[in-house]
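Okay, so here's the structure we're looking at.
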Amino acid sequence: MSIYLDHNATTPVDGRVLEAMLPYLQDCYGNPSSGHRPGRESQRALQRAREQVAMLVGVQPSQVVFTSGGTEANNLALKGVMALADAGSGLVVSAVEHSSVLQSAYALELTGYELAVADVDDRGVVKAAMFEQALNEGKTSLASVMLANNETGVVQEIARLSEVARSHGVVMHTDAVQALGKMPVDFETLGVAAMSISAHKIYGPKGIGALVMDKGLALQPMLHGGGHEAGLRAGTENLPGIVGFGAAAEILQTELSLRIDHCGQLRRHAEQALQKIPEVVIFSQQAKRLPNTIFFAVQGIEGATLLMSLDRDGIAVSSGSACASGSGEPSHVLQAMGVEEGLAHGAVRVSFGSGNTVEEVDLLISSLQRQIESLLKLNSVWA
Amino acid sequence: MSNKEKVPVYLDYAATTPADPRVAEKMMACLTMDGDFGNPASRSHVFGWKADEDVKQAREYVAALVNADPREIVWTSGATESDNLAIKGVAHFYQKKGKHIITCKTEHKAVLDTCRQLEREGYEVTYLEVENSGLLDMKALEDAIRDDTILISIMHVNNETGVVQDVAAIGELARSKGVVFHCDAAQSAGKVEIDLEKMKVDLMSFSGHKTYGPKGIGALYVRRKPRIRIEAQMHGGGHERGMRSGTLAVHQIVGMGEAFRIAKEEMADESARLLALRERLLNGFSDMEEIYVNGDLSHHVPGILNISFNFVEGESLIMALKDIAVSSGSACTSASLEPSYVLRALGREDELAHSSIRFSLGRFTTEADVDYTIELVRQKVEKLRELSPLWEMYKDGVDLSKVQWAAH
Amino acid sequence: MAYSDKVLDHYENPRNVGSFDKDDNAVGTGMVGAPACGDVMKLQIKVSDEGVIEDAKFKTYGCGSAIASSSLLTEWVKGKTLAQASEIKNTEIAEELALPPVKVHCSVLAEDAIKAAVEDYNSKKGVVAEGS
């Protein structure tokens, strides 16, 4: 039996969410755009899920645009806003963004927009002064900073950055994909104009996400066609996915504080043990972090080797973002934080979920201790 | 309204299909903790590897149905995204070569709207007419090709009429002229034979939910030999060989894979059965006066029958037929009061375009469903014609085309 | 599209469907709309010598709201004088049937139909009176 400690990569679907989805996988299959009864039933389910998601983040249902996931929501926000911006205008993103924001920004840069990247400090926190300075360079139209980082778990001060952006007349977007489900996420409090979220990080299904936006924000759609989602995102709605997202959102609303407490407890327990291993360095520990995430490295040990050894013990963790896994490159997040390359290569991410137990954490720790000991011994033999 | 409403007979398979129970079962095994819920991009543990294996298997099934290489299949969120990716992807990649695109007036909105967007970006688009049969005039297509033409986008099976275009011939022409050919096959996969070894199609869009798979998943075929290049439209982790980023929705992909596997296995039998049902339906109407079949039935997918009932207005007919789920055309335009642009393109005057019903039959349609439909339609059309002043005038021998209608 | 119960009732059980002889001097006929626009309404009234509408019939080619609007109108005009019938406003019909904004044109068509029928009747009377 394996122990799953990679909840930042994806979460299993909650049994209750699956239950809500089941009718829409089978019996209720109407196309929500169809006028007949099966179509209208689907339309009602779509509306209900939109309300559930809207309620979770404190907006009106009409502010929720469903997409195929967080990546599409991020692409839509960046490209959709920039396509309507004046020629020659620019955008600002932080150095530690998810690849879907960074790569969208690079793609925009290639088509002629000015791109400025705001640095982070050695904890991984975006420097507000640097951010403001970046906004001032050129004609900035859009800024995008993630609410919480997928690798380090660092939570940015989005409300403050939004205020800065607003005062410069800049549209502020935040990628809240990783934050949702691990901390309170309220659209109004964050003060952003647009926010990306995804279902499969909150025990909902993969393949569904949303862009939450200000009513007045103008966007050019990325997908053209039948005019679904108020013209902002064409394509027959992924109804089971949307219903699953809605159910996951509703459950999350009542269980968030439980999850925060539970994961926080597991992490405290794990970090106390980890800190006793002298070779272990925990990243961003001095910053405000998501309660479930530990990003660390062991001096003198390759991350890949450690992951392989843990996998042999049936423990599933990762070296960082799933999207970049297999690339062999050290994490761009750690590089931006100025972590030395050797250490960055050793990075391991543990991300807890609501199903994990203290016993599992103990198994992780004992496995780590055993592996570290033998790997270091091996290293010293060869040294 | 009472809660005990009768479940309508579903004859709108062209709008969407229910997932096959075998498909739903496979999907459920990829969702929860005890199933393959992992992220296929996770390279460091067994959860990721299993999910990746599932995706690989599904990719093989989809490729097999259309005789392609699995490496030529790119997952998307649906046929709309596939159409967008193919058309914008080619337009952006090959823009140095030219900025002219050829498509057809009867295409799906996902193609037409994407072309309109490209026009706003400075591309030039030719929208070809079709013949009254719904078929493209090959000579007109050939004449439309210019030196700066980079893309031809023509659908395989029309979603409203069911007419099948001669994709093989279009492919030959496009290849001989060095123009990339994209084909929207959302309505044809699993219903009409597709052999991409033989057909010279460069890009082909597929949908899960039109072939008894799930909604929210599709694929784009991108030919490797000769290699077709497209510019990615969705950026991020570089999934799908960099052509389409975003976490792969494993359960959706597995569902589409299973749906395409079943389609390959059962297509021949199913087509024969659907054709017989469609003939039964048409025969049931054949002695009615003033009905018109839209689209040439000799070049046609088995499951679709589009008929105009003259002197009866379409929306009132749909309302009268509330015990069968049918549509007056594309689901994507069902909210609009405009007559179908597809039927207009077939040369149907507004009145007939206004009075059309698309019956689309599928895997779970029975003879009893068809017989019930025939009886209901006959009865309701008769009732509405009794109500119709136009029918009365027609019966009195008035030539309606000569009447001066008060403008309003 | 969601229809109100009243529209559904008139649509499913339309009142006063049929035709009168349009050449009858006591009959006024109004035909409005065009097939290309998706609605044609034919409304006929039978008027007593005292100028009271004794009976009304209709035929309509159009959507459920158009059928309901004309059906309702035939009920309303019966027993009214020509002057009273001419005063019926489309907004009253739209309100009674709870028509959604995209269907308000159906009630406009109904108002046009009764006006046209009254006009037709009056013009016939005018012609007959002069001739006698």
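Protein chains in written order, with this note's numbering: chain A, 2 to 384; chain B, 45 to 452; chain C, 4 to 135.
Glycine included, each C-beta is placed from N, C-alpha and C at the ideal position.
For clarity, every value in this text was computed on a predicted model and none was experimentally measured.
Residue i: contacting residues in chain B (beta-carbon distance under 9 Å)
i	result
C/Y14	S360, M363, A364
A/G217	Result: empty, since nearest Cβ-Cβ is about 22 Å, beyond 9 Å.
Residue of the options minimising C-alpha distance to residue i
i	options	result
A/L1	A/G70, A/S367, A/E303, A/P331	Any answer about residue 1 of chain A is impossible in this case: the structure gives chain A only from 2 up to 384.
A/I243	A/R17, A/M22, A/H8	A/M22
A/R41	C/K127, C/S89, C/Y6, C/L112	C/Y6
B/A154	B/T124, B/T170, B/Q161	B/T124
A/S367	A/A274, A/P222, A/V351	A/A274
B/L431	C/S73, C/N125, C/A116	C/S73
B/H344	B/R87, B/I194, B/S404	B/S404
A/G205	A/G226, A/A248, A/D187, A/V172	A/A248
C/L85	C/F61, C/K128, C/V121	C/V121
A/E110	A/G91, A/I316, A/V97	A/G91
B/V356	C/K62, C/V35, C/E95	C/K62
B/F329	B/L321, B/N128, B/V421, B/R87	B/V421
Minimum Cβ-Cβ distance from residue i to chain B less than 8 Å
i	result
A/R38	yes
C/I70	yes
C/G41	yes
C/P104	no
A/S3	yes
C/K45	yes
A/D187	no
A/L26	yes
Within chain B, partners of residue i - CB distance below 8 Å
i	result
A/T306	Those within 8 Å of A/T306 in chain B number zero; the least Cβ separation is about 11 Å.
C/G82	Within chain B, no residue comes near C/G82; the closest Cβ sits about 24 Å away, beyond 8 Å.
A/H174	Those within 8 Å of A/H174 in chain B number zero; the least Cβ separation is about 15 Å.
C/S110	In chain order: nothing, as chain B lies at least about 13 Å away.
Proximal residues of chain C, C-beta to C-beta of residue i below 9 Å
i	result
B/K355	In the sequence on display, residue 355 of chain B carries Phe and not Lys. Per Cβ cutoff of 9 Å: P38, Y64.
Three-state secondary structure assigned by DSSP to residue i
i	result
A/G91	strand
B/K183	helix
A/H169	coil
B/D157	helix
B/T377	At B/T377 the pLDDT is 45, less than 50, meaning the model places this residue with poor confidence; the figure from the coordinates comes in the next sentence. The answer is helix: DSSP assigns B/T377 an H, G or I state.
A/E115	strand
B/Y54	strand
C/M34	strand
A/E158	coil
B/S251	strand
A/F297	strand
B/C227	strand
A/H201	coil
B/W449	coil
B/S232	coil
B/D96	helix
B/K221	helix
CB contact below 8 Å: residue i versus chain A
i	result
B/T60	yes
B/K439	no
B/S404	no
B/D157	yes
8 Å Cβ cut-off: residues of chain A touching residue i
i	result
B/I261	G208, N239
Neighbouring residues, chain A, relative to residue i (Cβ below 7 Å)
i	result
B/T205	Ordered by position in chain A, no residue passes the 7 Å Cβ test against B/T205, which lies about 18 Å from the chain.
B/M77	P13, G356
Amino acids of chain C, ordered along the chain, whose beta-carbon sits closer than 8 Å to that of residue i
i	result
B/A433	The question names Ala, but residue 433 of chain B is Pro in the sequence shown. What B/P433 touches in chain C: M34, V43, M44, K45, K62, T63, Y64.
B/L444	P38
B/E333	In chain order: nothing, as chain C lies at least about 16 Å away.
Residue i: contacting residues in chain B (beta-carbon distance under 7 Å)
i	result
A/M223	Q277
Proximal chain A residues relative to residue i, where beta-carbon distance stays under 9 Å
i	result
B/N128	M223, L224, H225, G226, A235, G236
B/V90	S3, D312, G315, A317
Cutoff 8 Å: residue i Cβ touching any chain C Cβ
i	result
B/C376	For B/C376, the predicted structure reports a pLDDT of 46, less than 50, and the residue's modelled location is therefore unreliable. A value from the coordinates is still provided. Output row for B/C376: interface = no.
B/V394	Reading off the sequence shown, one finds Asp at residue 394 of chain B, where the question assumed Val. Chain C contact via Cβ: present.
Partners in chain C for residue i, counting only beta-carbon separations shorter than 7 Å
i	result
B/H398	G41
Can we say the segment 91-103 of chain C touches the segment 8-27 of chain C, given the rule of at least three CB pairs closer than 8 Å?
yes
Across the segment 245-252 of chain A and the segment 105-115 of chain A, are there enough close Cβ pairs to call them in contact, namely three or more that are closer than 8 Å?
no
With a cut-off of 8 Å, do at least 3 Cβ pairs link the segment 64-82 of chain C to the segment 355-365 of chain B?
yes
Do the segment 105-123 of chain B and the segment 169-187 of chain B meet, that is, are 3 or more Cβ pairs less than 8 Å apart?
no
Does the pairing of the segment 215-222 of chain A with the segment 236-246 of chain B give three or more beta-carbon distances under 8 Å?
no
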